[in-house]
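Worksheet for the structure shown next.
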Amino acid sequence: DLDGERFVRPNFSGRGLANIAPTVLRLLAPRADQLNLPPLDESVLPAALTDGVRTVVLIVADGLGHEQLEREIAAGNAPHLGEFLQRAGVTGQDKAPPADDTSQRGGDQPRSDDDAQQPRPGHGVQAGDHSVAYRPITSVFPTTTVAALGSLNSGVTPVEHGLLGYTLYLREFDRASEMIRCGPLNRRISYSDAEFGRTPESFFWAETLYARLQVAGVTRAFAVNPAHFGGTALTRMLHQGAEYRGYIATSSVEPIVSRILSGGTGEPTYVYAYWPTVDTISHLVGPLTPEHSAEVAAFDAFFGRLLQRLPRRGDTLVMLTADHGHVVTQPERELPFAEHPALLEMLRVLPVGERRAVYLHPRPGADDEVLDYARSRLRSEAAVTTRDDAVRLGLFGPGGLSERASARIGEVLLFPRSNLQFVTPVQMEDGTPMRVPAFRGLHGGLTAEEALVPLLAIRI
Numbered sequence: 002d003l004d005g006e007r008f009v010r011p012n013f014s015g016r017g018l019a020n021i022a023p024t025v026l027r028l029l030a031p032r033a034d035q036l037n038l039p040p041l042d043e044s045v046l047p048a049a050l051t052d053g054v055r056t057v058v059l060i061v062a063d064g065l066g067h068e069q070l071e072r073e074i075a076a077g078n079a080p081h082l083g084e085f086l087q088r089a090g091v092t093g094q095d096k097a098p099p100a101d102d103t104s105q106r107g108g109d110q111p112r113s114d115d116d117a118q119q120p121r122p123g124h125g126v127q128a129g130d131h132s133v134a135y136r137p138i139t140s141v142f143p144t145t146t147v148a149a150l151g152s153l154n155s156g157v158t159p160v161e162h163g164l165l166g167y168t169l170y171l172r173e174f175d176r177a178s179e180m181i182r183c184g185p186l187n188r189r190i191s192y193s194d195a196e197f198g199r200t201p202e203s204f205f206w207a208e209t210l211y212a213r214l215q216v217a218g219v220t221r222a223f224a225v226n227p228a229h230f231g232g233t234a235l236t237r238m239l240h241q242g243a244e245y246r247g248y249i250a251t252s253s254v255e256p257i258v259s260r261i262l263s264g265g266t267g268e269p270t271y272v273y274a275y276w277p278t279v280d281t282i283s284h285l286v287g288p289l290t291p292e293h294s295a296e297v298a299a300f301d302a303f304f305g306r307l308l309q310r311l312p313r314r315g316d317t318l319v320m321l322t323a324d325h326g327h328v329v330t331q332p333e334r335e336l337p338f339a340e341h342p343a344l345l346e347m348l349r350v351l352p353v354g355e356r357r358a359v360y361l362h363p364r365p366g367a368d369d370e371v372l373d374y375a376r377s378r379l380r381s382e383a384a385v386t387t388r389d390d391a392v393r394l395g396l397f398g399p400g401g402l403s404e405r406a407s408a409r410i411g412e413v414l415l416f417p418r419s420n421l422q423f424v425t426p427v428q429m430e431d432g433t434p435m436r437v438p439a440f441r442g443l444h445g446g447l448t449a450e451e452a453l454v455p456l457l458a459i460r461i
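First residue of the sequence shown? That's 2 in the working numbering, and the numbers climb one at a time after it.
Below, the structure is given as C-alpha cells:
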C-alpha cells in the first residue's frame, strides 16, 4: 500500500525479471563468479527444465504484459502461446483477473505484490507437461524499457546499473537527459558528441551478461535486435560483449535465431532476441484494440514457428518474457505540469522519470516545500512518496542506494492514480516546445497491468 494505492512490489528474490540473467549465468557458466541476485526460483523455473541445459534462448516481447497475454489468449488471438500455457497447467480460470484487480476498463485497486507472488491454481508446476512452465513474474521499477532491459542484460537492479528511467537528471551535466539517445532532453544531440565526449558505456554502471559469459569462456552469446538499433547508445550500453545480429523486419527473427542454433557444435550458447512492436502498438493505438490483438497474433505465429524449427537436441531452454505491460491511457486525461508553475519554480530541473512514475528534484533546501505542495495540490491525482520511503518499501531492490544512484532519483516521487499520466513541458534549445506524443497506452508505474510480465519456459 502506497498513499492509498495498492501496487505490485518488484521481486528480486527469484520471481522477478532481474533474476533471469543470474539464471542464464548459472546454467551456462556454473563455475564462474555468480551474480548477487539469485536465479529464478523453482516455483517459476523447475529443475526439470534446467538440468543439463547448454543453450538458452530468451525472447523479449517489449510491452506484452502478463494480463495482456492472458486476455489475447482468452480471445483466441494467440493459439500457440495458449497451447503452451495449457501444457503448463494454466487453467481457464486463470485467464480472468481476480476480483480485486484493476482491469483497464476501470477501478483503482491493482493486485498487491503478495497476491502476485502466490501461485494461483494452474500457475504452479505440479500439473501438466513438465517440459513447459509458466508463471507471471514482476518487472523492475520503474516499469520501463531502459530499466528493465538494463536488468535483463546485466542481472542487477536498476539502482546498480543506473538506467532508472526514460528521462533522468544527470548531475554531471546538471540537466534533464533522455537515456535511450543518451543526450540532453531539450537538444537533438548525444553526450557522445564532441561537445561532451562521453561514451554511452560510461552511463551504464554494470557489467553485461555477455561480458560475464565471455570471461567464463562462453563465446557464443548473441543479441538479435532491429538492425537500426546497431551502434545506438542504448545498444552499446546493454549489449557490450555480444555478437550483434540485426534484422530488417520482425519476420526475420525466427530464421536468424534458427541459424544461430543450427550453426553451433554443442558449445554453450546464449541468444537474446527482442520483438519491439507490441510496445509500439500499445503506445500509439492502445492495448485494448484490434491492432494490439493483430500484433500479438503475429508474435504468436512467430513464436510457434520458432519452436517448430529450432533444433531439438534436448539441451535447449527457450524462455519468453517482457520488460513491462501497459495500462490504457487517454490523452485527454493528461496532467500537465505546465499548470503548476509554482511547483516548477521549486525544482532544480524539470520533472523526469516516466509519465506514470515521476521524479521531482527540489532545489537545495526545498525538499519539504516540494513534498508539501505535492501532498496538498496533487494528491487527488497521484500517490505521493519520498525517495527514502520508496527505498524502505523495496521498490528499488534489496539494500540502500549508492550516492550516484540517489542523485538520479528525485527526492519526491509521484505515481498517477488510475490511468492518469503527467506531462512535462520541455522547451527545445531553439525555443520551440518539444512535441509530446499522445499515448493511448503507457507504463512506468506499479499497477498489475504494468508490473506483471510473463515467464514462459520450454525445454526442447
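By construction, the Cβ of each residue, glycine as well, lies at the ideal position given by its N, Cα and C atoms.
When burial is assigned at 16 or more other CB atoms within 10 Å of the CB, is VAL219 buried or exposed? Locating residue 219 in the sequence shown gives position 218, counting from the first residue. Counting Cβ neighbours within 10 Å, VAL219 comes out buried, since at least 16 surround it.
C-alpha distance - GLY198 paired with TYR273, whole-angstrom precision: Position 197 of the sequence shown holds residue 198. Position 272 of the sequence shown holds residue 273. Rounded to the nearest angstrom, the two C-alpha atoms are 30 Å apart.
Is it a yes or a no for the region 305-317 touching the region 278-292, going by three-plus beta-carbon pairs under 8 Å? no
SER407 to GLY184, Cα distance in whole Å? Translated into the one-based positions of the sequence shown, residue 407 becomes position 406. Translated into the one-based positions of the sequence shown, residue 184 becomes position 183. If I take the Cα positions, the gap works out to 20 Å.
Contacts around ALA452, its chain only, beta-carbon distance under 6 Å, and the 5 residues preceding and following it disregarded: Here the question's residue 452 lines up with position 451 in the sequence shown. The answer, listed in chain order, is VAL9, THR139, SER140, THR144.
If we ignore side chains and look at the alpha-carbon of each, how far apart do VAL462 and ALA384 end up? With the chain represented from 2 up to 461, any question about residue 462 goes unanswered, as that position is not in the structure.
Comparing alpha-carbon positions, which option in LEU26, ARG7, ASN12, GLN331 lies nearest PRO269? One-based indexing of the sequence shown puts residue 269 at position 268. Nearest of LEU26, ARG7, ASN12, GLN331 to PRO269, Cα basis: LEU26.
Please go through the same chain and pick out, in chain order, the residues whose beta-carbon is closer than 8 Å to the beta-carbon of GLY264, but skip the five residues on each side of it. As a working note, residue 264 is residue 263 in the sequence shown. If we look at GLY264 and ignore the five residues flanking it on each side, it has no Cβ neighbours.
Can you tell me whether DSSP reads THR139 as helix, strand or coil? The count along the sequence shown starts at 1 and reaches residue 139 at position 138. In the structure shown, THR139 sits in a strand (DSSP, three-state: E or B).
Looking at ALA148 and ALA323, is the spacing between their C-beta atoms short of 8 Å? Along the sequence shown, one-based indexing puts residue 323 at 322. Along the sequence shown, one-based indexing puts residue 148 at 147. No, the pair does not count as a contact, with Cβ atoms beyond the cut-off.
Whole-angstrom C-beta distance between ALA339 and GLU68, which should lie under 8 Å: In the sequence shown, counting from the first residue as 1, residue 68 sits at position 67. In the sequence shown, counting from the first residue as 1, residue 339 sits at position 338. With 8 Å as the limit, GLU68 and ALA339 do not qualify as a contact, their Cβ atoms being about 33 Å apart.
My output table needs one value for GLY108: the three-state DSSP class, helix, strand or coil. Position 107 of the sequence shown, counting from 1, holds the residue named residue 108. For GLY108, the pLDDT reaches just 34, beneath the cut-off of 50, and the residue's location in the model is therefore unreliable, although a value from the coordinates is still provided. Looking at GLY108 - three-state DSSP - the assignment turns out to be coil, as it is neither helix nor strand.
Give, in chain order, every unbroken run of the alpha helix (DSSP H) that is at least 4 residues long and sits entirely within the region 33-75. 48-51, 67-75
Buried or exposed for ASP130, please, with buried defined as at least 16 other CB atoms from any protein chain shown within 10 angstroms of its CB. Numbered from 1 along the sequence shown, position 129 holds the residue referred to as residue 130. Classification for ASP130: exposed.
How big is the Cα-Cα spacing for ASP280 and VAL297? Residue numbering aside, residue 280 sits at position 279 when the sequence shown is read from its first letter. Residue numbering aside, residue 297 sits at position 296 when the sequence shown is read from its first letter. Each residue's Cα considered, the two are about 10 Å apart.
My assumption, with CB atoms under 8 Å, is that LEU153 sits in contact with ALA243. Please give the rounded CB distance. By 1-based counting over the sequence shown, the position of residue 153 is 152. By 1-based counting over the sequence shown, the position of residue 243 is 242. Going by Cβ atoms, the distance from LEU153 to ALA243 rounds to 12 Å, so no, they are not a contact pair.
Under 8 Å between C-beta atoms of LEU414 and ALA391: The count along the sequence shown starts at 1 and reaches residue 414 at position 413. The count along the sequence shown starts at 1 and reaches residue 391 at position 390. Yes, the pair counts as a contact, with Cβ atoms nearer than the cut-off.
Measuring straight from C-alpha to C-alpha, what distance separates ALA302 and HIS81? In the sequence shown, counting from the first residue as 1, residue 302 sits at position 301. In the sequence shown, counting from the first residue as 1, residue 81 sits at position 80. If you take the alpha carbons of ALA302 and HIS81, they lie about 7 Å apart.
Is the Cβ-Cβ distance between ALA234 and ILE181 less than 8 Å? As a working note, residue 234 is residue 233 in the sequence shown. As a working note, residue 181 is residue 180 in the sequence shown. Yes, Cβ-Cβ distance for ALA234 and ILE181 is below 8 Å.
Looking at the secondary structure, which residues open and close the alpha helix (DSSP H) in which MET347 lies? On the sequence shown, residue 347 is found 346 positions in, with the first residue counted as 1. It spans 342-347 - the alpha helix (DSSP H) in which MET347 sits, taken as one unbroken run.
Which residue's Cα is closest to the Cα of ASN226: ARG72, SER203, PRO159, ILE60? In the sequence shown, counting from the first residue as 1, residue 226 sits at position 225. Nearest C-alpha to ASN226: ILE60.
Going along the chain, which residues of its own chain have a beta-carbon closer than 8 Å to the beta-carbon of VAL350, five neighbours each way excluded? Stepping through the sequence shown from its first residue, residue 350 is reached at position 349. The residues are TYR170, ASP175, ARG176, ALA177, HIS362.
Sorted by chain position, which residues of the same chain lie with C-beta nearer than 7 Å to VAL437's C-beta, five sequence neighbours on each side aside? Within the sequence shown, the letter at position 436 stands for residue 437. Excluding positions up to five away in sequence, the list reads VAL424.
On the DSSP bridge list, what partners appear for SER178? Position 177 of the sequence shown, counting from 1, holds the residue named residue 178. Note: SER178 sits in a beta bridge opposite LEU169, PRO185.
Cβ neighbours of ILE249 in the same chain (closer than 6 Å, five flanking residues each side left out): For the purposes of this step, residue 249 is taken as residue 248 along the sequence shown, with counting starting at 1. Excluding residues within five positions, the ones whose Cβ falls inside 6 Å are ALA228.
LEU321 and LEU457: beta carbons closer than 8 Å? Residue mapping note: residue 321 aligns to position 320 of the sequence shown, counting from 1. Residue mapping note: residue 457 aligns to position 456 of the sequence shown, counting from 1. Their beta carbons are under 8 Å apart, which means LEU321 touches LEU457 by this criterion.
If you follow the beta strand (DSSP E) that ILE459 is in, where does it begin and where does it stop? For the purposes of this step, residue 459 is identified with residue 458 of the sequence shown, where counting begins at 1. Taken as a continuous stretch (DSSP letters only), the beta strand (DSSP E) holding ILE459 covers 453-460.
How far does the beta strand (DSSP E) with LEU361 in it extend, from its first residue to its last? Working through the sequence shown from its first residue, we reach residue 361 at position 360. Counting along the chain, the beta strand (DSSP E) containing LEU361 begins and ends at 358-361.
In the DSSP assignment, find the unbroken alpha helix (DSSP H) run with GLY305 in it and report its ends. For the purposes of this step, residue 305 is identified with residue 304 of the sequence shown, where counting begins at 1. From DSSP, the alpha helix (DSSP H) with GLY305 extends over 291-310.
Note down, in chain order, each residue of its chain lying with its Cβ closer than 6 Å to the Cβ of GLY64, except the 5 sequence neighbours on either side. Here residue 64 is taken as the residue at index 63 of the sequence shown, counted from 1. Answer for GLY64: VAL279, ASP280, SER283, HIS327, listed in chain order.
LEU307 and GLU255 - do their beta-carbons sit closer together than 8 Å? One-based indexing of the sequence shown puts residue 255 at position 254. One-based indexing of the sequence shown puts residue 307 at position 306. Yes; because the gap between Cβ atoms is below 8 Å, this pair is in contact.
Secondary structure, alpha helix (DSSP H): runs of 4+ residues fully inside the region 382-424: 388-393, 404-409
Run through DSSP, which three-state label would GLN428 get? Start at 1 with the first residue of the sequence shown, and residue 428 comes out as number 427. It is a strand residue.
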